[in-house]
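Colleague:
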Amino acid sequence: MHDIIKAIERGRYKYMADLKAHCELSYSHSVSVAQTAYDIGKLLQLGTQGLEKLAMCALLHDIGKATLPHDILSKPTFLTHQEQTQMMDHAKIGGQLLCSLTFCEEIRAGVAHHHEKWDGTGYPDRLKGDEIPLLSRIIAVADVFCALIAHRPYRMPATPFIAVEYIILEAGRAFDRDVVRAFCEVLKKRPSSPALTAIPESLRLGKLTAHVRTGIVTCGGVDLYLTKKEYMLLLFFIQNRERYIKPEDLYQKVWNASMERNTNALRGAMKRLRKKIKGCGYTINNSRTEGYILERE
Ligand SMILES: [Fe+2]
């Protein structure tokens with residue numbers, strides 16, 4: 003850790019070169035997060051100084067990862083419980099690293115708390131709502147968006163559409179609603195953004211209509227009460243109509259996690275979803291070799 007502190011001390015941005023040398027993926031991710039966070043901050047009218055701090059904080063947000071072993075950072079499969087705990091420490095370690103340097107308190111706190119969640123279920127300190135520094139709340143949204151649409155050694159990238167959907171659904175739970183609102187505005191202002199062009203107002207299949215921006219599904223105009231996971235599953239099926247979907251894809255895209263830990267969750271959600279869409283004339287069939295498919299009954 004001492005070496006990293008020295009490296010950062012050599013120049014304000016020198017640490018970026020060190021992070022790049024240690025893990026190219028974390029480096030490029032930090033740059034993308036900084037760009038998106040900056041755009042959100044601009045929309046939230048942070049002012050010149052605030053934006054400078056935000057950009058700096060976003061560039062540094064994963065600096066704690068420079069202390070993690072290489073094989074964890076580039077592991078091609080899902081992390082073990084122990085490795086996950088080690089990985090989660092990067093936020094706290096990042097804060098500690100900056101504490102010993104001359105970075106201002108706002109940047110240090112922004113880095114240390116970028117994995118807190120609005121409802122208090124995040125880490126390292128389970129801060130809730132406004133207790134979470136604004137810089138962290140902005141970085142959290144940019145971080146998840148950039149991570150989901152990027153390729154990872156252990157999973158395929160999510161489509162921008164699914165990533166934005168996930169963020170909208172998590173507003174008020176994982177993320178600050180105001181920041182999510184600003185994030186959506188940012189995407190609207192990027193005419194060439196694949197995320198924006200990929201988001202339709204609604205998706206239809208027979209009597210089923212998924213109202214994408216509100217996260218509500220109706221059947222012949224009547225609301226179906228779906229949980230977030232059921233909604234994401236159904237949306238995935240509607241998008242991939244008439245195609246079998248491998249369970250691995252569902253675990254990765256809907257649960258963003260491994261198959262082993264979510265087998266029962268998938269079965270349970272699938273069973274409930276089948277029941278809820280029965281009246282719409284659709285069912286989800288399962289073929290042992292090919293996976294799941296949404297079909298007319
Ligand atoms: Fe992080």
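Quick note on the numbering used here: the sequence shown kicks off at 3 and runs consecutively.
Note that CB positions come from ideal geometry on N, CA and C, so glycine has one too.
1) Alpha carbon to alpha carbon, what distance is there between residue 54 and residue 197?
2) Could you have a look at residue 286 and say whether DSSP puts it in helix, strand or coil?
3) Return the chain-ordered ranges of every alpha helix (DSSP H) run that is complete within the segment 134-174 and spans a minimum of 4 residues.
4) Does residue 197 come out as helix, strand or coil in the three-state DSSP assignment?
5) The alpha helix (DSSP H) that contains residue 35, what's its start and end?
6) Assuming contact is defined by CB atoms lying nearer than 9 Å, are residue 187 and residue 48 in contact in what I supplied?
7) Who are the near neighbours of residue 204 in its chain, counting only those whose CB is closer than 7 Å to its CB and skipping five residues on each side?
8) Can you give me the Cβ contacts of residue 74 inside the same chain, cut-off strictly under 8 Å, excluding the 5 residues immediately before and after it?
9) Could you say which of 33, 286, 209, 270 lies nearest to residue 242 if we only look at CA atoms?
10) Are there any heavy atoms of ligand 1 lying less than 8 Å away from the beta-carbon of residue 67, as far as the coordinates show?
11) Please work out which residues of its chain come closer than 6 Å, Cβ to Cβ, to residue 41, disregarding the five sequence neighbours upstream and downstream, and give them in chain order.
12) Could you tell me if residue 254 is buried or exposed, where buried requires 16 or more neighbouring beta carbons within 10 angstroms of its beta carbon?
Modeller: Taking the structure as given:
1) Note that residue 197 scores a pLDDT of 49, beneath 50, so its modelled location is shaky and nothing firm can be said.
2) strand
3) 136-151, 162-171
4) Low confidence applies to residue 197: its pLDDT is 49, below 50, so where it sits in the model is not reliable, and the reading given next is rough at best. Reduced to three states, the DSSP call for residue 197 is helix.
5) 26-45
6) no
7) 211, 212, 213, 214
8) 81, 85, 88, 89
9) 286
10) yes
11) 188
12) buried
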